[in-house]
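Some notes on the structure that comes next.
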Ligand code: HEM
């Protein structure tokens, strides 16, 4: 075991060049030396073992709202306490994104959205084919092209824009607003990034509010109209709640998918033998996509708050303590582990991607299964070097306090540089 302190959350972001270069080096170390690691600087546990991550994400009693986190949970508290000057948005709209919301409001909002979105998605397969063909056609005659710029950045925003019914002439702006708005989940952003965040958030909110009014007056065949109709028919949703979550779909519907396409291109180019298998048998495509999600997840980390005192992987966790789960390492740490193969599938990231249905499935099973995250008596933590009881040997779960590192590079800039291998802070 190395004497170097274990990495904390701050070191596990694209802002850390070492992590950006090879995330697995740091994550493997965490998983082997302390799979339930207490990062005292960020005030959170970091889970890196597949079983613990799966169990955390499958436990529908976990809290998501940062407001329920203890004072020491630096990142969640920063999200709650940040007062961003210049954002013009009602309190209702600002606080109603379902990603960081607890029950019963989460399901009240998610239910009608899921109903409308799934219906639209079911209808849109030919539309996706059309959009993909439209971007591929001109590339066929070009000897070389930038695949991120010409394809991966364009297709997802075009698809989600058509599903929502937003103006197809403004795709570049939507993409830019998405990059700006996602910075709201990054408490380490620079003043310039905060300015970008404010500009993007205000523009997107104003646009969505106006579009909702237009569709309310004159419905069309699109998701914004569907939501206006559901509201008129009695779905218990405020305008701010609808607007925030439509913006969430616009953002979530393009950033992650762009990353997924980029990751897939990069992985197949760096694993030519796997590309050859896929070309020889295109029916492998579905499991290939799952495998890309497993191997290089577009979303590295997601978070929860402990709803009660509990034990995770043998480590005591108190109510309101923060939990971050590394989807990245959990997905690549199973028996098949670190080999990219289009025929191997089944990953945490794929489950998270389907989290729309996953929560529901988990919930329906909850009554017949004992809670996986059992409540148990909590031993008093030893701040000078407590031990994970489950992990046998000497796994320290309190890291020594130190200075909080400062962000030096822009998240989206870092992501861009990594081009095909970037990540966003879903759930942070
Ligand atoms: C490769 C593509 C995608 C990946 C890897 C991905 C990943 C994730 C992850 C990790 C979460 C958090 C799950 C959790 O903490 O339980 C999440 C939530 C969410 N995603 Fe995605 N996502 C993808 C595509 C999309 C798309 C296309 C949309 C919309 C059209 C979308 C909308 C959402 C929404 C609304 C939530 C919040 C769900 C809730 O809290 O109930 N995502 N996604």
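Residue numbers (this note's numbering): 72 to 499. Quick reminder that beta carbons are idealized off the backbone N, C-alpha and C, glycines included.
Taking just the CA atoms, how far does residue 226 sit from residue 378?
-> 39 angstroms
Cβ separation of residue 124 and residue 397, assumed to be a contact under 8 angstroms, to the nearest whole Å = 7 angstroms
Let me know the alpha helix (DSSP H) ranges lying completely inside the region 288-364, each 4 residues or longer, listed in chain order.
-> 294-303, 310-323, 326-341 and 343-351
Using 7 angstroms as the cut-off, classify the Cβ of residue 368 as near or not near the heavy atoms of ligand 1, replying yes or no.
-> yes
According to the neighbour-count rule (16 or more other Cβ atoms, all chains shown, within 10 Å of its Cβ), is residue 75 buried or exposed?
-> exposed
Residues near residue 266 by beta carbon distance below 7 angstroms, same chain, minus five either side | none
Cβ-based burial, residue 464 [other Cβ within 10 Å; buried from 16] | At residue 464, the pLDDT of 24 sits below 50, so the modelled position is not reliable and the matter cannot be decided from this model.
Start and end of the beta strand (DSSP E) containing residue 110?
-> 107-110
Reduced DSSP secondary structure (H/G/I, E/B, other) of residue 182 | helix
Count the CB pairs spanning the region 292-300 and the region 310-321 that are closer than 8 angstroms, and state whether there are at least three.
-> yes
Separation of residue 354 from residue 264, as counted between CA atoms = 43 angstroms
What's the call for residue 577, buried or exposed, on a 16-neighbour Cβ count within 10 Å?
-> Limits of the chain in this structure are 72 at one end and 499 at the other, which puts residue 577 out of reach.
For residue 242 and residue 140, the rounded distance between their alpha carbons = 37 angstroms
Using 8 angstroms as the Cβ pair cut-off and three pairs as the minimum, do the region 321-336 and the region 200-217 touch?
-> no
Less than 7 angstroms between the CB of residue 500 and some heavy atom of ligand 1, yes or no?
-> Residue numbering for the chain in the displayed model covers 72 to 499; residue 500 lies beyond these limits and cannot be assessed.
In three-state DSSP terms, what is residue 154?
-> coil
Can residue 327 be considered in contact with ligand 1, in the sense that its beta carbon sits closer than 7 angstroms to one or more heavy atoms?
-> yes
Strand pairing of residue 373, partner residues [DSSP] | 396
7 angstroms CB neighbourhood of residue 313 in its chain, flanking five on each side removed | 283, 298 and 302
Candidates 340, 335 and 374, of which the one nearest residue 360 by Cα | 335
For residue 119, the three-state DSSP class (helix, strand or coil) | coil
Report yes or no: do the region 387-396 and the region 135-149 share at least 3 C-beta pairs separated by less than 8 angstroms?
-> yes
Going straight from the alpha carbon of residue 337 to that of residue 165, what length do you get?
-> 36 angstroms
Just to confirm, are residue 399 and residue 98 a CB contact at a threshold of 8 angstroms?
-> yes
Would you check if the region 360-376 and the region 101-112 touch, i.e. whether three or more CB-CB distances between them fall below 8 angstroms?
-> no
Among 363, 196, 177 and 385, the one whose alpha carbon lies nearest that of residue 508 | With the chain covering 72 to 499 only, the question about residue 508 has no answer from this structure.
Range covered by the beta strand (DSSP E) that runs through residue 237 = That residue, residue 237, is in no beta strand (DSSP E); it is neither H nor E in DSSP.
Pull up the DSSP beta-bridge partners for residue 387, would you.
-> 382
Can you list, in chain order, the residues of its chain whose CB lies under 6 angstroms from that of residue 159, leaving out five sequence neighbours each side?
-> 273
Any heavy atom of ligand 1 closer than 7 angstroms to the Cβ of residue 309?
-> no
Cβ pair residue 255, residue 235 closer than 8 angstroms = no
Can you have a look at residue 251 and say buried or exposed, based on whether 16 or more other CB atoms are within 10 angstroms of its CB?
-> buried
Going by CA-CA distance only, name the one from 288, 146 and 259 that's closest to residue 113.
-> 146
Whose C-alpha, out of 87, 88 and 118, is nearest the C-alpha of residue 101?
-> 118
If we ignore side chains and look at the alpha-carbon of each, how far apart do residue 387 and residue 374 end up?
-> 17 angstroms
For residue 285, verify whether its CB is less than 7 angstroms away from any heavy atom of ligand 1.
-> no
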